[in-house]
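Data block below; observations after.
Protein chains: 2
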Amino acid sequence: MIKPNIPETNLKRIVIVGGGFAGITLAKKLIKLDYQIVMIDKNNYHQFQPLLYQVATGGLEPGSIAYPLRKIFPSHKNIHIRLAEVKGIDTISQHLETSIGHLNYDYLVIATGAVTNFFGNANMEKYAFGMKSVAEALDLRSIILQNFEEALLIEDEEKRDLLMNIVIVGGGATGVEVAGAISEMKRYVLPKDFPELDFTKMNIYLIESNERVLSAMSVESSTKAKKYLENMGIQVFTDTRVLDYDGETVTIKDRPSIKAAVLLWAAGIKGAVPTGFNTEVITRGNRIKCNQYNQVDGFENIFAIGDVAFITTSETPNGHPQVAPVGMQQADNLSNNFDRLLKNKPLVAFKYFDKGSMATVGRNKAVVEMSILKFGGFIAWLAWMFVHLMSIVGFRNRLAILMTWSYNYFRYDQALRLIIRPFERKKKFN
Amino acid sequence: MIKPNIPETNLKRIVIVGGGFAGITLAKKLIKLDYQIVMIDKNNYHQFQPLLYQVATGGLEPGSIAYPLRKIFPSHKNIHIRLAEVKGIDTISQHLETSIGHLNYDYLVIATGAVTNFFGNANMEKYAFGMKSVAEALDLRSIILQNFEEALLIEDEEKRDLLMNIVIVGGGATGVEVAGAISEMKRYVLPKDFPELDFTKMNIYLIESNERVLSAMSVESSTKAKKYLENMGIQVFTDTRVLDYDGETVTIKDRPSIKAAVLLWAAGIKGAVPTGFNTEVITRGNRIKCNQYNQVDGFENIFAIGDVAFITTSETPNGHPQVAPVGMQQADNLSNNFDRLLKNKPLVAFKYFDKGSMATVGRNKAVVEMSILKFGGFIAWLAWMFVHLMSIVGFRNRLAILMTWSYNYFRYDQALRLIIRPFERKKKFN
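These protein sequence lines are chains D and E, in that order. Numbering-wise (the numbering used here), the first sequence opens with residue 89 and increments by one. Numbering-wise (the numbering used here), the second sequence opens with residue 89 and increments by one.
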């Protein structure tokens, strides 16, 4: 029999589900207050999702963007971390059913983030790659390299070409950034590794259903990003809807289909609502409806923060953007409210302060928007690096990334082209 | 249909099987000569086995000790690297059957190294961990961390204790080094990560069937190493034979059995002879019998080098030690002989120059022997680090390891405590 084995104390227990940006920001503040904190996550590490694409393209080690949860709270007696998944929630008796047994709570915070949304397309779910976890990023890295290894072995020209093609669906920050990184592999790395292949045959497609890439940013930044991408040889299709994918042929609305052995789906996410959560409070994007205190609709002691939370205000009728700063600010506000609860003070409403947004396209190229300030190019690229470096948890990881970036920049070399665990492709071409 | 797709040229083709120390040392020299080189390996990277134990214990990233084979020979037109495994060898028509099809050779070099030898114990093979590959090292890292996570969930004291115990079988360099590294995790890292567990309950056993650890070194060094290990709290049993392991109980000859959820088997290796190789030339330790030119018994155009090769001389009646320097020196000699073949000169016999041996036990502690010079302690530890750092392939990896070691040394922290892909244990204790 296993069970969570959390000691019973006089303190009220706050159970936090999820060790992402929102979850760890909250926990770091709460351990200073008189609560007992329990954090559960299915992984033993926090992952820095904005740089997953660099793991996928051989630029960074997984260990540079993942950080052990326990290392965040060394020797701390007041927080109990458990590797577990939620299987059910009983809001009457106030407990979770989890993969490690029954877990009581006084307060529950759902900070489970978001997962890839294939919008119900079973083929896409089977054949496309997502990029929301370190394991997925490593799979993508492996399959890209495996495809080139396999292309060497194939005489049939059409089949060889399709092994070299990569389609990225979704022109948000992830899609733009990964397209740029793959284009740099094509330019600087792959021809040296595979001198026997003809890289003029390799095509990188970025397909966006909106009329522009980076549609959350200004028209100016979108235009700039699209120009950067096209100058790097990426075929950018906007206003274009991908209909289906069978592991080989990408079917596109009102356009000829494309053959490609890799399709990366970066065209949507949905809230990762835990199993057993009351479906009545789920709203658009599979997010959990909350009031302005991040309290889940109908509950005083259950909260949701981060990508999974949905708060409508007059300024955010469709909820807040699903980005790290929102989750971290909600965590800050919620920790303050937990403090106020101890002091019997009324709760304070969440207010989002938008610091801006940014995306990088490749060496020396990025677009940045900070309130009325909009800029691109080299300075934007430096700003992008600085902000990402500073957001990484842990001195060691910051240093490791800085070293690796410097190396990659000066050597034009994403060195980590390792297939440690080969990915078993669902479709064979030989 | 896939096939190796190697162009036919006027040059004689040398097929090298295996990209370990011997294989890459040979290939680096041969690409300068008038041969066509084909290298096949089942991985797309070279791995630095002497530091695998640091990957297993969270000290180093896999990417620091693995190096893409293609990166060793960038843009080189005269070497063809293929991911493939040998399935059969036809010495009459001079071709290999491989996982990617039929491959002709003029000369064949077997440099396939060695794998863990469980000496036919099926239980051991099923439940014990080996440590001869990056994937195995990552599995070991995961299971050690998973066991502590699970120990938190178990109330039964005996079962909890067994999850914390680790048995290492084999007191050679690998066994000694991994025991030291685990002991440092126990001392500096795990108690901070798991303040809820009682680490006086964690036992590390090092069991050696010989009468001393590091039996390839002098009695003096053995004694010193054993003292280091015992001072670090490791229970060292020499002259002790492990008989069996069922995933929970380690049965030992003439001693009480030990309960432990992890058993690392570092007590023997055997030559990794490719499938289909003529069994008549296989000798002790599953190695391939060669003459002093590394020619396989009975063949003029088939060679074996490195751990898989077995050459008896009056000085080495049991073959050469299975260490990297032997393989690299054999590769050097063989490349010279390939040059002589082109010039119709007679072959030169291999002669091993023993530079000495070394093993580290932990922070500031190592033993080193270089001909008549024997020393231990801090200077030996610095020498150990220097030699290993200089033997690593690639500037980037050298830099990454130096940085990581400095960090680990000053912070007392093996930071990479990540369970990226959980290991499915064959035995459950709950």
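All C-beta atoms in this analysis are idealised placements derived from N, C-alpha and C, irrespective of residue type, glycine included.
Practice task
Can you give me the start and stop residues for the beta strand (DSSP E) that Q383(E) sits inside?
Solution key: Indexing the second sequence from 1 puts residue 383(E) at position 295. Element bounds for Q383(E): n/a, residue is neither H nor E.
Handout entry: Coil, strand or helix - G189(D) by DSSP
Key = Walking along the first sequence from the start, residue 189(D) turns up at place 101. Here G189(D) sits in strand by DSSP.
Problem - DSSP state of P95(E) mapped onto helix, strand, coil - result: Along the second sequence, one-based indexing puts residue 95(E) at 7. Three-state result, P95(E): coil.
Practice task
Say whether chain E places a C-beta atom closer than 8 Å to the C-beta of K165(D).
Solution key: Along the first sequence, one-based indexing puts residue 165(D) at 77. So, interface residue.
Practice task
Name the one or two DSSP bridge partners that M127(D) has.
Solution key: Counted from its first residue, the first sequence places residue 127(D) at position 39. According to DSSP, M127(D) bridges with I104(D), I169(D).
Handout entry: Cβ of I292(D) within 8 Å of any chain E Cβ
Key = The residue you call residue 292(D) lines up with position 204 of the first sequence. Not an interface residue.
Practice task
Figure out for me which residue from V257(D), K439(D), I119(D), T337(D) has the closest Cα to the Cα of Q418(D).
Solution key: Working through the first sequence from its first residue, we reach residue 418(D) at position 330. Of all alpha-carbon atoms in V257(D), K439(D), I119(D), T337(D), the one lying nearest the alpha-carbon of Q418(D) is that of K439(D).
Practice task
Decide if the region 305-323 of chain D is in contact with the region 444-456 of chain D; the criterion is three or more beta carbon pairs, one per stretch, under 8 Å apart.
Solution key: yes
Practice task
Provide the residue span of the beta strand (DSSP E) that contains S445(D), from first to last.
Solution key: Position 357 of the first sequence, counted from the first residue, corresponds to residue 445(D). Here the beta strand (DSSP E) through S445(D) covers 445-450.
Handout entry: Classification of R57(E) by the beta-carbon crowding that lies within 10 angstroms, buried from 16 upward
Key = Residue 57(E) cannot be examined here, being either before or after the span of chain E that is shown, 89 to 518.
Exercise for the section: Answer with buried or exposed for K159(E), where buried requires no fewer than 16 other C-beta atoms within 10 angstroms of its C-beta. Expected result: The sequence position of residue 159(E) within the second sequence is 71, counting from 1. Buried is the label assigned to K159(E), since at least 16 other Cβ atoms lie within 10 Å of its Cβ.
Exercise for the section: Report the residues of the region 182-204 of chain D with a CB closer than 9 Å to any CB of chain E, ordered along the chain. Expected result: I188, G189
Problem - I160(E) (DSSP reduced to helix, strand or coil) - result: Start at 1 with the first residue of the second sequence, and residue 160(E) comes out as number 72. DSSP, reduced to helix, strand and coil, places I160(E) within a helical segment of the structure shown.
Exercise for the section: Please say whether F387(D) and T200(D) have beta carbons closer to each other than 8 Å? Expected result: Counting from 1 along the first sequence, the entry for residue 200(D) is found at position 112. Counting from 1 along the first sequence, the entry for residue 387(D) is found at position 299. Against a cut-off of 8 Å, the Cβ pair of F387(D) and T200(D) comes out as no contact.
Exercise for the section: Compare the C-beta of I242(D) with all C-beta atoms of chain E and state if any pair is closer than 8 Å. Expected result: As a working note, residue 242(D) is residue 154 in the first sequence. It does: the Cβ of I242(D) has a partner Cβ on chain E nearer than 8 Å.
Exercise for the section: Count the C-beta pairs between the region 289-306 of chain D and the region 325-334 of chain D that are closer than 8 Å, then say yes if the count reaches three, no if not. Expected result: yes
Practice task
Check whether the Cβ atoms of G55(E) and I90(E) lie closer than 8 Å to each other.
Solution key: The question about residue 55(E) has no answer, for chain E in this structure spans 89 to 518.
Handout entry: Short-range partners of chain E found in the region 411-431 of chain D, where Cβ spacing is below 8 Å
Key = none
Handout entry: Assigned secondary structure, V456(D) (DSSP; H/G/I helix, E/B strand, else coil)
Key = To locate residue 456(D), count along the first sequence from 1; it is residue 368. Of the three classes helix, strand and coil, the one that applies to V456(D) here is strand, per DSSP.
Exercise for the section: Say whether chain D places a C-beta atom closer than 8 Å to the C-beta of I270(E). Expected result: As a working note, residue 270(E) is residue 182 in the second sequence. Not closer than 8 Å to any Cβ of chain D, the Cβ of I270(E) fails to qualify, so no.
Problem - Limits of the alpha helix (DSSP H) - the one that I489(E) falls within - result: On the second sequence, residue 489(E) is found 401 positions in, with the first residue counted as 1. Note, I489(E): alpha helix (DSSP H), 483-499.
Handout entry: Own chain partners of T311(E) with C-beta closer than 8 Å, once the 5 adjacent residues on each side are dropped
Key = Walking along the second sequence from the start, residue 311(E) turns up at place 223. Contacts found: R300.
Practice task
With a 10 Å radius around its C-beta and 16 neighbouring C-beta atoms as the bar for buried, classify T145(D) as buried or exposed.
Solution key: As a position in the first sequence, residue 145(D) is number 57, starting the count at 1. With 16 or more other Cβ atoms within 10 Å, it is buried.
Practice task
Give the residues from the region 467-491 of chain E that approach chain D closer than 9 Å (Cβ to any Cβ), ordered along the chain.
Solution key: G482, F483, R484, N485, L487, A488, M491
Handout entry: Check: W472(E) C-beta below 7 Å from any heavy atom of the ligand ADP
Key = The model depicted lacks the ligand ADP and carries no ligand whatsoever.
Handout entry: Bridge partner(s) assigned by DSSP for A154(D)
Key = Taking the first residue of the first sequence as 1, we reach residue 154(D) at position 66. A154(D) is bridged to Q135(D).
Exercise for the section: Grab the span of the alpha helix (DSSP H) containing A202(E) for me, first residue to last. Expected result: For the purposes of this step, residue 202(E) is taken as the residue at position 114 of the second sequence. Counting along the chain, A202(E) falls outside any alpha helix (DSSP H), though it belongs to the beta strand (DSSP E) covering 202-204.
Practice task
Could you please give the first and the last residue of the uninterrupted beta strand (DSSP E) stretch that includes Q323(E)?
Solution key: Taking the first residue of the second sequence as 1, we reach residue 323(E) at position 235. First-last of the beta strand (DSSP E) with Q323(E): 323-325.
Exercise for the section: Spatial neighbours of M458(D) within its chain, please: CB distance less than 6 Å, with the 5 preceding and 5 following residues excluded, ordered by chain position. Expected result: The residue labelled residue 458(D) in the question sits at position 370 within the first sequence. Cβ neighbours of M458(D) beyond the five flanking positions: G444.
Exercise for the section: Within its chain, find whatever has a CB closer than 8 Å to the CB of E336(D); leave out the 5 residues flanking it on each side and keep chain order. Expected result: Numbered from its first residue, the first sequence carries residue 336(D) at position 248. Hits under 8 Å: L250, K347, A348, A349, K515, F517.
Exercise for the section: Verify the CB distance criterion: does L118(D) have a CB-CB separation below 8 Å to chain E? Expected result: As a first step, residue 118(D) must be located in the first sequence, where it is residue number 30. It does not; no Cβ of chain E falls within 8 Å.
Problem - Amino acids of chain D, ordered along the chain, whose beta-carbon sits closer than 7 Å to that of V222(E) - result: On the second sequence, residue 222(E) is found 134 positions in, with the first residue counted as 1. Result: I508.
Practice task
Could you tell me if V414(D) is buried or exposed, where buried requires 16 or more neighbouring beta carbons within 10 angstroms of its beta carbon?
Solution key: The count along the first sequence starts at 1 and reaches residue 414(D) at position 326. Buried is the call here.
Handout entry: Terminal residues of the beta strand (DSSP E) in which A144(D) lies
Key = Position 56 of the first sequence, counted from the start, is the residue given in the question as residue 144(D). That residue, A144(D), is in no beta strand (DSSP E); its alpha helix (DSSP H) goes 140-144.
Problem - Pairwise C-alpha distance: H164(E) and T97(E) - result: On the second sequence, residue 97(E) is found 9 positions in, with the first residue counted as 1. On the second sequence, residue 164(E) is found 76 positions in, with the first residue counted as 1. Approximately 15 Å, taken between the alpha carbons.
Exercise for the section: Following the continuous alpha helix (DSSP H) through V307(E), name the residue where it begins and the one where it ends. Expected result: Residue mapping note: residue 307(E) aligns to position 219 of the second sequence, counting from 1. Segment 307-319, the alpha helix (DSSP H) holding V307(E).
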